[in-house]
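Working notes for the structure below.
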Amino acid sequence: MLDEPQEQAEGSLTVYVISEHSSLLPQDMMSYIGPKRTAVVRGIMHREAFNIIGRRIVQVAQAMSLTEDVLAAALADHLPEDKWSAEKRRPLKSSLGYEITFSLLNPDPKSHDVHWDIEGAVRRYVQPFLNALSAAGNFSVDSQILYYAMLGVNPRFDSASSSYYLDMHSLPHVINPVESRLGSSAASLYPVLNFLLYVPELAHSPLYIQDKDGAPVATNAFHSPRWGGIMVYNVDSKTYNASVLPVRVEVDMVRVMEVFLAQLRLLFGIAQPQVPPKCLLSGPTSEGLMTWELDRLLWARSVENLATATTTLTSLAQLLGKISNIVIKDDVASEVYKAVAAVQKSAEELASGHLASAFVASQEAVTSSELAFFDPSLLHLLYFPDDQKFDCLFFCPISQHSTLVH
Amino acid sequence: MLYLFYNLQTENAVKNKKVNILRLLCPGLSSSTKPQSSKAGPEGHLEEARMVSQKPAALLYGSASAPSGAGSLKPVNMAVTDSLSRAATVLAAVLLLSFGSVAASHIEDQAEQFFRSGHTNNWAVLVCTSRFWFNYRHVANTLSVYRSVKRLGIPDSHIVLMLADDMACNPRNPKPATVFSHKNMELNVYGDDVEVDYRSYEVTVENFLRVLTGRIPPSTPRSKRLLSDDRSNILIYMTGHGGNGFLKFQDSEEITNIELADAFEQMWQKRRYNELLFIIDTCQGASMYERFYSPNIMALASSQVGEDSLSHQPDPAIGVHLMDRYTFYVLEFLEEINPASQTNMNDLFQVCPKSLCVSTPGHRTDLFQRDPKNVLITDFFGSVRKVEITTETIKLQQDSEIMESSYKEDQMDEKLMEPLKYAEQLPVAQIIHQKPKLKDWHPPGGFILGLWALIIMVFFKTYGIKHMKFIF
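Protein sequence lines correspond, in order, to chains A and B. Numbering of the first sequence is given in this note's numbering, commencing with residue 48 and proceeding in unit increments. Numbering of the second sequence is given in this note's numbering, commencing with residue 3 and proceeding in unit increments.
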């Protein structure tokens, strides 16, 4: 339909205004949001043309780029607000890299011989998504198969549908018994996202997850903020016809990856876009991520990084103010200088709209400030504060008073 | 820039903050001052109706955010306050229609979420600060709390256990490899899956403070780190010998309550915890939490200043006291908690009254934001995850050709794999036929004896026999 003239810079938006009667858009649609930082708005011949068109452009721009709630979510830790909002609690904190682990749980290998082409699925579906997100950090993906891994909860039998179900209140207790076997914490220092695919045992097949109204969930999956997601994969009853156990089960990776990628988007904080009314949203891209969604994420992450870096440096300054004889090593000092320079550069770049360089600078700011703050030599125990040094009230009345005053 | 961001934390006017940021970062976006004006117009009715149907919930709890849709919350702070004034008249009419079960379930949802804690993971730091055999009960205390915490769901990777660990294999232990917490050897809390992270001489004040503040040398393994974040609830349990304002570490150093309070403040500055529960079972334990000044800390102690915490059960076979009273009754209380229970902190405060404990347990909740009766025990002692149903999927295209070819590749790979064999390890043949190493030469034993006899004889010949009685 529209061919992209050139590569759009990160953080920019191009809006085309077309004539009122153009047939590019369906008749009742006023605007269109494209997958790659472009939008189309229908013009109008009217006295207030500029205002109306301007409003439509602003609506489209707000749907596609930075708004206040995105900022509020990014700064949720530093603002004394409602911390219990689900959307603010769900996304992962900004970090240099992430580790994504796919695990297949097979509690009943005697009945199910499960095979999943995880390498192919990762190559075809996950890797393009992560490549699209690569500006946000380094990603590493691994996978494993766990046998005899049970869920912590016994599912109940529903005679109406002759299936087993897990209701919503028992879901929080499912994860803990499995987590110790996942081995995710040994892998790296980056935050880990676990995606589990559970093939229920023959005695408990088919297994559905019920939401709070008692209806089975269409995706048969649930996720936990900052941890990952679990999907229950029911084996098709037709495969049991051969009645020779174990039956070979080939997992349909497309269905599984559709759910896992949706969960990955949610866990990263890429919410479904709030489309203004009478606006057509373009269909999903092959990677599952639109470029301007990445921009929103990078804006939010840059702001979050800047806030974290500044609070870290401020609290470091407060610590130094409290304990005046603390020794700052040269490398700690150089990290502090680097952090301050990076914060200033990032803020300038954000003000002028260069998103990519601003994000990189903000990441450097966070890394340097954390290196400075968490340096092992800054343990306040090693530097006695003045109030714990002089308690010889009896022996040095005059000199103690003068030293405490400073 | 730094100064502007510093002001971000100190000002309370949220609206001003948000507008300032937007003006700074996005000079092009000028419509930020009036967010709800963009929603006016032909599509405004839809928005209004949606917000109005959730009005009862917002009015009842005065909360700043209004839910939209099943389970997901949208922070529309200013929009709610403005829409309240705008649509007050519409409320009366719509209330009659929409105040049915829909609104009721929304209220229930919001009530549940309002009182629930905002944490997503749990950590525990369990410290036993004594060593030596007669402090058996402190190790048993800590290990019993460790068992309870593991039973309720916190995995080993999220527990930092600091113990002197010199009980189970102590030569004075009549039952080696065990640590009992009930007399008559009913319950062995040592077992074979205890993961001690800091043992023996590593339990020092410096290491403890390094764990808390995160200022750890980069070579420290992951199991020895407290990798909590701003959404972690941390349980800190300490036991040992203490005094008024200090706690003794391994009989060689002390930690004061000021240092502990400063460490918690350093944790708060870097947002290393969401909420913290501090439990201490020592003599004069309440003095340790007197100096806390960081928010979101709740503290419990086994005795007040000036009182001693007493031990509970001597076991005649082992010969020492097995547990302290306060921890014993806390553990009895925890035995009844399972991961799904709804017991709250007020019940924990009632544990071990003076009649049972002899000392007066104390608690401190003024720094804690939520009301203790809304705080579940499992918020700190267990690891109950927040869970959401996944309702959306994304559409992916299926590449059937590639799938079939990869299936065939898998089958071929299985046939072509080489048989595995062991790598060459030790050159066993060479070792067996090695020549023995030559030992160093020593003079024969009798020679040395004769030499000494000669020396003594010469000595007595020269100086006389009378010196013999002084030597032999």
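For each residue, glycine too, the CB sits at the ideal point set by N, CA and C.
Please classify residue i: does DSSP put it in a helix, a strand, or coil?
| i | result |
| --- | --- |
| B/Arg-153 | helix |
| A/Tyr-33 | The question about residue 33 of chain A has no answer, for chain A in this structure spans 48 to 453. |
| B/Phe-101 | Caution applies to B/Phe-101, whose pLDDT of 49 falls short of 50 and renders its modelled position unreliable; the model cannot decide the point. |
| A/Gln-191 | strand |
| B/Thr-180 | coil |
| A/Tyr-384 | helix |
| A/Ile-375 | coil |
| A/Tyr-211 | strand |
| B/Glu-256 | strand |
| A/His-93 | coil |
| B/Lys-468 | helix |
| A/Asp-205 | strand |
| B/His-435 | coil |
Determine, using beta carbons only, whether residue i and residue j come nearer to each other than 8 Å.
| i | j | result |
| --- | --- | --- |
| A/Leu-240 | A/Ile-317 | no |
| A/Ile-100 | A/Leu-151 | no |
| B/Glu-267 | B/Tyr-295 | yes |
| B/Met-290 | B/Ile-282 | yes |
| B/Arg-233 | B/Thr-122 | yes |
| A/Gly-90 | A/Tyr-145 | no |
| B/Asn-259 | B/Gln-371 | no |
| A/Asp-342 | A/Ser-112 | yes |
| A/Tyr-194 | A/Arg-203 | no |
| B/Val-205 | B/Leu-165 | yes |
| A/Met-304 | A/Ala-168 | yes |
| B/Leu-312 | B/Val-377 | no |
Just reading off the beta strand (DSSP E) that residue i is part of, what are its end residues?
| i | result |
| --- | --- |
| A/Tyr-79 | 78-80 |
| A/Ile-256 | 254-256 |
| A/Phe-269 | 268-271 |
| B/Asn-124 | 123-130 |
| B/Asp-442 | Careful: B/Asp-442 lies outside any beta strand (DSSP E) and carries neither H nor E. |
| A/Gly-276 | 275-279 |
Could you spell out where the alpha helix (DSSP H) holding residue i opens and where it closes?
| i | result |
| --- | --- |
| A/Ala-96 | 96-111 |
| B/Leu-214 | 207-215 |
| B/Tyr-331 | 327-337 |
| A/Glu-417 | 402-420 |
| A/Val-306 | 300-315 |
| B/Phe-449 | 447-465 |
| B/Ile-320 | No alpha helix (DSSP H) holds B/Ile-320; DSSP gives it neither H nor E. |
| B/Cys-359 | 356-359 |
With distances taken Cα to Cα, identify the nearest neighbour of residue i among the options.
| i | options | result |
| --- | --- | --- |
| B/Val-389 | A/Val-296, A/Thr-359 and A/Pro-272 | A/Pro-272 |
| A/Gly-335 | B/Leu-398, B/Gly-466 and B/Val-430 | B/Leu-398 |
| A/Ala-56 | A/Val-407, A/Glu-411, A/Asp-258 and A/His-401 | A/His-401 |
| A/Gln-74 | A/Gly-81, A/Ile-65 and A/Pro-82 | A/Ile-65 |
| B/Val-181 | B/Leu-378, B/Thr-392 and B/Leu-324 | B/Leu-324 |
| A/Gly-81 | A/Ser-187, A/Met-337, A/Ile-373 and A/Ala-347 | A/Met-337 |
| A/Leu-249 | A/Asn-153, A/Val-200, A/Ser-235 and A/Ala-405 | A/Asn-153 |
| A/Val-294 | A/Arg-302, A/Met-300, A/Lys-285 and A/Val-301 | A/Lys-285 |
| B/Cys-354 | B/Ala-342, B/Asp-368 and B/Phe-330 | B/Phe-330 |
| A/Asn-223 | B/Ile-391, B/Lys-152, B/Ala-179 and B/Ile-339 | B/Lys-152 |
| A/Leu-425 | A/Ala-386, A/Asp-377 and A/Ala-398 | A/Asp-377 |
| B/Arg-327 | B/Asn-124, B/Thr-144 and B/Phe-134 | B/Thr-144 |
| A/Val-107 | A/His-93, A/Lys-83, A/Ser-78 and A/Phe-97 | A/Ser-78 |
Run through the DSSP bridge pairs and tell me what residue i is partnered with.
| i | result |
| --- | --- |
| A/Val-88 | A/Val-64 and A/Ser-78 |
| B/Arg-366 | B/Ala-301 |
| B/Gly-244 | B/Leu-249 |
| B/Tyr-200 | B/Met-164 |
| A/Asn-185 | A/Gly-144 |
| A/Asn-153 | A/Tyr-194 |
| A/Phe-242 | A/Phe-149 and A/Gly-276 |
| B/Ser-313 | B/Asp-326 |
| B/Asn-190 | B/Phe-182 |
| B/Tyr-291 | DSSP output for B/Tyr-291 lists no bridge partner at all. |
| A/Pro-263 | A/Gln-257 |
| B/Leu-279 | B/Leu-237 and B/Met-300 |
| A/Val-294 | A/His-159 |
Quick one: does the C-beta of residue i sit closer than 7 Å to a heavy atom of the ligand GDP?
| i | result |
| --- | --- |
| A/Phe-307 | The model depicted lacks the ligand GDP and carries no ligand whatsoever. |
Chain C partners of residue i, CB-CB under 8 Å?
| i | result |
| --- | --- |
| B/Arg-212 | Looking for chain C here will not work: the only protein chains present are A and B. |
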